[in-house]
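See below for the structure under consideration.
Encoded structure:
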């Protein structure tokens, strides 16, 4: 079995954010898919060890920021490889609070979706949140960051908590 075949599926790179009480947190995610049009529903896969998972579970709201291809590795690393338990990931980052109260990252963002969680499925290490769109907007024009571009061109690493992380098996 060649698990590298899974990298042939197309993935974007996003910042998924949420709130819990008066705190905000976010992470880098690639396990996001729009699954219906009317209403616009999305599935978002989040590792249960992440603080953002706890925030989404508590508040039932999230935002998805579509990252620009020009997003620097330092920015991706802030949300992807640093813990919100140790730093405020939003310090120094341009964001706004959306209609649901979820933070929406504006830096390095082409567009965003804000949503309410309407259901979830436990997948062992991850939970799939099914979320219904509340608001969306285009921030700027540009090309979205893909997981391929991040790993193959920018040579970005994969977090051990990512859905596509596998021990070196190939």
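Residue numbers (the working numbering): 1104 to 1273.
Ideal Cβ placement from N, Cα and C applies to all residues, glycine included.
Just so it is clear, the structure is predicted and the values come from calculations on it, not from any experiment.
* Helix, strand or coil at residue 1117 according to DSSP, with G and I counted as helix -> Translated into the one-based positions of the chain shown, residue 1117 becomes position 14. Looking at residue 1117 - three-state DSSP - the assignment turns out to be strand.
* To the nearest angstrom, how far is it from the Cα of residue 1147 to the Cα of residue 1221? -> The count along the chain shown starts at 1 and reaches residue 1147 at position 44. The count along the chain shown starts at 1 and reaches residue 1221 at position 118. So the alpha carbons of these two residues sit roughly 12 Å apart.
* Asked: In terms of DSSP beta bridges, what is residue 1225 paired with?
  -> As a working note, residue 1225 is residue 122 in the chain shown. Residue 1225 pairs with 1230.
* the stretch 1179-1191 touching the stretch 1128-1147, judged by at least three CB pairs closer than 8 Å -> yes
* To do: Decide if the stretch 1147-1156 is in contact with the stretch 1235-1254; the criterion is three or more beta carbon pairs, one per stretch, under 8 Å apart.
  => no
* Through-space distance from residue 1256 to residue 1200, alpha-carbon basis -> By one-based count along the chain shown, residue 1200 stands at place 97. By one-based count along the chain shown, residue 1256 stands at place 153. Taking the straight line from one Cα to the other gives about 32 Å.
* **Nonlocal neighbours in the same chain, by C-beta distance under 6 Å from residue 1125, ignoring five residues either side** => To locate residue 1125, count along the chain shown from 1; it is residue 22. Closer than 6 Å at Cβ, skipping near neighbours: no residue.
* Which residue or residues does DSSP assign as beta-bridge partners of residue 1217? -> Your numbering for residue 1217 matches position 114 in the chain shown. Its beta-bridge partners are 1166, 1238.
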